[in-house]
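Asker: Could you have a look at this structure, given as structure tokens, before my questions?
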DNA sequence: GTGGAAACGAGAGCAGCGCTCTCCCAACAT
DNA sequence: ATGTTGGGAGAGCGCTGCTCTCGTTTCCAC
């Protein structure tokens, strides 16, 4: 069982998500394909296991990075999260693609099993921003966001997460979040063009600074 | 031949990229599978055709949107591009996923056939920013970007595209570009969480404004 | 100890897939 | 009339996900 996930991960890393074959996993396990079905039920369920596994590993990577940054240095904490996401994505491109790339056709991860581990990164980010806001270190134009419909949605999100940060920060946080993953995806999937940057880390660091500033830090 | 691409597109829309089957296309075409191989050579080649097709359609959508905005209104031109990308992505989610999602395993689009149409959107964006810069409507902190290594890369990009805009604008433009697609991908692939927003267009508009400001417009 | 239940792997099999090969046939050129 | 070419048909190979049956092993209650 553990072995199935382990071998599945190695296949994911070497072959990619859609090429992940239950039969091949069984072969590597030295067992016939039907035996694997005792444990996983279907290829989609194996994918779900790998998705949860991936989210957890990414969450662990982010947590580990945060432990090395003083709690009061909010900007650096945000940078650490960004760098951890990028580093993990570069280390596990296939798993990253499974989590944040286009969904595998015909497969949609069951929300009840993936939303928990899947929200660890954004929750950490929200935590950083909320801390910074409480410490008075965020400078943003005040005034409520428009339209009111959006303001209502943001208020609900604030309430669900127990935040005191204002609408504008929540909204900009979501942008920073999406932008962060956009940058990582562009770099990883080669959208910048081949060899656009000798050292992609440089442009990422630049982008990270702009995003830190965009949330008022 | 044309029919193959047409049916391929409809399968892409209904079944998704990895479920795209040459045999199924042949069936819909009322022909045996081997007959299709006279025209496309392989499934990957069909994917390439669809990729080029998709880039072209997205490029057309962006161009059409730009035609309705006065050339001098640079901020609105940037907004129009963003909205056109989002609208097209929502209209053609499967094709968008094929172009900007995780790569289909074992398949990588041949650069020589996709880089041309694949760069239409970013070229349009660059055009807008360059125009705005030339018109003196961009306000950015001056000073060169660091490290020098990044500055060199950006200088090369500026030269290749014949730009007069400074490093900082080029770098921020790339961020805005990646962020735009990050936002669209997050919305399309449901990363925001289910039903986070009653009207996703609202948050997108907010993000778009932040990005317009981020490039100094 | 023994009998039954549960767990587990093997193997065959079905339908679908990408892709290749051979064959056949019609249209066209010489 | 003959040869060349283009294009579809069909069989076939090995792969896939998945299901079914069957035999074996293990373990637990009595």
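Protein chains in written order, with the working numbering: chain X, 1 to 217; chain Z, 1 to 217. Ideal placement from N, C-alpha and C gives every residue a C-beta, glycine not left out. Quantities reported herein were computed from a predicted structural model and do not represent experimental measurements.
Taking the C-alpha atoms as reference points, what is the distance between residue 116(X) and residue 30(Z)?
Answerer: Here the question's residue 116(X) lines up with position 116 in the first chain. Here the question's residue 30(Z) lines up with position 30 in the second chain. Rounded to the nearest angstrom, the two C-alpha atoms are 47 Å apart.
Asker: Tell me the DSSP secondary structure of residue 157(X) in three-state form.
Answerer: On the first chain, residue 157(X) is found 157 positions in, with the first residue counted as 1. Reduced to three states, the DSSP call for residue 157(X) is helix.
Asker: Between residue 196(Z) and chain X, is the shortest Cβ-Cβ distance under 8 Å, so that the two count as touching?
Answerer: If you number the second chain from 1, residue 196(Z) lands on position 196. At least one chain X Cβ lies under 8 Å of residue 196(Z).
Asker: The ligand FAD and residue 131(Z): does the residue's C-beta get closer than 7 Å to at least one heavy atom of that ligand?
Answerer: With respect to the ligand FAD, the structure shown offers nothing to examine, as it has no ligands at all.
Asker: Give the secondary structure of residue 205(Z) by DSSP, where H, G and I count as helix, E and B as strand, and everything else as coil.
Answerer: The residue given as residue 205(Z) occupies position 205 in the second chain. Helix at residue 205(Z).
Asker: DSSP three-state label for residue 200(X), please.
Answerer: Position 200 of the first chain holds residue 200(X). In the structure shown, residue 200(X) sits in a helix (DSSP, three-state: H, G or I).
Asker: The alpha helix (DSSP H) spanning residue 219(Z) covers which residue range?
Answerer: What the structure shows of chain Z is the stretch from 1 to 217, and residue 219(Z) is not part of that stretch, so it cannot be assessed.
Asker: Just the Cα atoms here: how many angstroms apart are residue 128(Z) and residue 126(X)?
Answerer: The sequence position of residue 128(Z) within the second chain is 128, counting from 1. The sequence position of residue 126(X) within the first chain is 126, counting from 1. The straight-line gap from Cα to Cα measures roughly 33 Å.
Asker: Give the straight-line distance between the Cα atoms of residue 39(Z) and residue 26(Z), rounded to the nearest whole angstrom.
Answerer: Against the second chain, residue 39(Z) aligns to sequence position 39. Against the second chain, residue 26(Z) aligns to sequence position 26. Their Cα atoms are separated by approximately 11 Å.
Asker: Using alpha carbons as the reference points, say which of 7(Z), 214(Z), 50(Z) and 33(Z) lies closest to residue 139(Z).
Answerer: The residue you call residue 139(Z) lines up with position 139 of the second chain. It is 214(Z).
Asker: For the alpha helix (DSSP H) containing residue 138(X), name the first residue and the last one.
Answerer: Position 138 of the first chain, counting from 1, holds the residue named residue 138(X). Unbroken run through residue 138(X): none, as it is neither H nor E.
Asker: Tell me the residue span of the alpha helix (DSSP H) that contains residue 55(Z).
Answerer: For the purposes of this step, residue 55(Z) is identified with residue 55 of the second chain, where counting begins at 1. Segment 43 to 67, the alpha helix (DSSP H) holding residue 55(Z).
Asker: Quick check: is the beta carbon of residue 89(Z) nearer than 8 Å to any beta carbon in chain X?
Answerer: Walking along the second chain from the start, residue 89(Z) turns up at place 89. Residue 89(Z) does not count as touching chain X.
Asker: Against chain X, which members of the stretch 141 to 154 of chain Z pass a CB distance test of less than 7 Å?
Answerer: Within the stretch 141 to 154 of chain Z, the residues whose Cβ lies closer than 7 Å to some Cβ of chain X are 145, 147, 149, 150 and 153, listed in chain order.
Asker: Compare the Cα-Cα distances from residue 44(Z) to each of 63(Z), 72(Z), 19(Z) and 145(Z) and report the closest residue.
Answerer: Taking the second chain and counting its residues from 1, one reaches residue 44(Z) at position 44. Nearest option by C-alpha distance: 19(Z).
Asker: With 16 as the cutoff for other CB atoms within 10 Å, does residue 144(Z) come out buried or exposed?
Answerer: As a working mapping, residue 144(Z) is identified with position 144 in the second chain. Looking at its Cβ environment, which holds fewer than 16 other Cβ atoms inside 10 Å, residue 144(Z) is exposed.
Asker: Determine, for residue 203(X), whether the minimum Cβ-Cβ distance to residues of chain Z falls below 8 Å.
Answerer: In the first chain, counting from the first residue as 1, residue 203(X) sits at position 203. It does; some Cβ of chain Z falls within 8 Å.
Asker: Which of the three DSSP states, helix, strand or coil, is assigned to residue 92(X)?
Answerer: By one-based count along the first chain, residue 92(X) stands at place 92. The answer is coil: DSSP assigns residue 92(X) none of H, G, I, E or B.
Asker: Let's test the definition: count the other Cβ atoms within 10 Å of the Cβ of residue 32(Z) and tell me whether it reaches 16, buried, or not, exposed.
Answerer: Along the second chain, one-based indexing puts residue 32(Z) at 32. Residue 32(Z) should be labelled exposed.
Asker: Note down, in chain order, every chain Z residue with its Cβ under 9 Å from the Cβ of residue 81(X).
Answerer: By 1-based counting over the first chain, the position of residue 81(X) is 81. What residue 81(X) touches in chain Z: nothing, since even the nearest Cβ is about 15 Å away.
Asker: Counting only Cβ-Cβ distances shorter than 9 Å, please list the residues of the stretch 172 to 184 of chain X near chain Z, keeping chain order.
Answerer: The stretch 172 to 184 of chain X vs chain Z, Cβ under 9 Å: 172, 174, 175, 176, 177, 178, 179, 180, 181, 182, 183 and 184.
Asker: With distances taken from CA atoms, which of 47(Z), 195(Z), 77(Z) and 17(Z) is nearest residue 211(Z)?
Answerer: Locating residue 211(Z) in the second chain gives position 211, where the first residue counts as 1. Residue 211(Z) has its Cα closest to that of 77(Z), out of 47(Z), 195(Z), 77(Z) and 17(Z).
Asker: Going by C-alpha to C-alpha distance, which of 202(X), 6(X), 216(X) and 73(X) sits closest to residue 175(Z)?
Answerer: Locating residue 175(Z) in the second chain gives position 175, counting from the first residue. For the residues 202(X), 6(X), 216(X) and 73(X), the minimum Cα distance to residue 175(Z) belongs to 202(X).
Asker: Tell me whether the beta-carbon of residue 90(Z) lies closer than 8 Å to the beta-carbon of residue 188(Z).
Answerer: To locate residue 90(Z), count along the second chain from 1; it is residue 90. To locate residue 188(Z), count along the second chain from 1; it is residue 188. For residue 90(Z) and residue 188(Z), yes; Cβs fall inside 8 Å.
Asker: Alpha carbon to alpha carbon, how far is residue 13(Z) from residue 124(X)?
Answerer: Taking the second chain and counting its residues from 1, one reaches residue 13(Z) at position 13. Taking the first chain and counting its residues from 1, one reaches residue 124(X) at position 124. Those two C-alpha atoms are separated by around 36 Å.
Asker: List the residues of chain X that residue 157(Z) touches, going by C-beta distances under 8 Å, in chain order.
Answerer: Within the second chain, the letter at position 157 stands for residue 157(Z). Correct list: 196.
Asker: For residue 192(X), which of helix, strand or coil comes out of DSSP?
Answerer: Walking along the first chain from the start, residue 192(X) turns up at place 192. Coil at residue 192(X), not helix or strand.
Asker: Please tell me whether residue 52(Z) and residue 114(Z) are closer than 8 Å, where the distance is taken between their beta carbons.
Answerer: As a working note, residue 52(Z) is residue 52 in the second chain. As a working note, residue 114(Z) is residue 114 in the second chain. Taking 8 Å as the Cβ cut-off, residue 52(Z) and residue 114(Z) qualify as a contacting pair.
Asker: Which whole runs of the alpha helix (DSSP H) in the stretch 11 to 35 of chain Z are 4 residues long or more, in chain order?
Answerer: Listed in chain order, they are 22 to 29.
Asker: Out of curiosity, what's the CA-to-CA distance linking residue 74(Z) and residue 161(Z)?
Answerer: For this step, residue 74(Z) is matched to residue 74 along the second chain. For this step, residue 161(Z) is matched to residue 161 along the second chain. Rounded to the nearest angstrom, the two C-alpha atoms are 19 Å apart.
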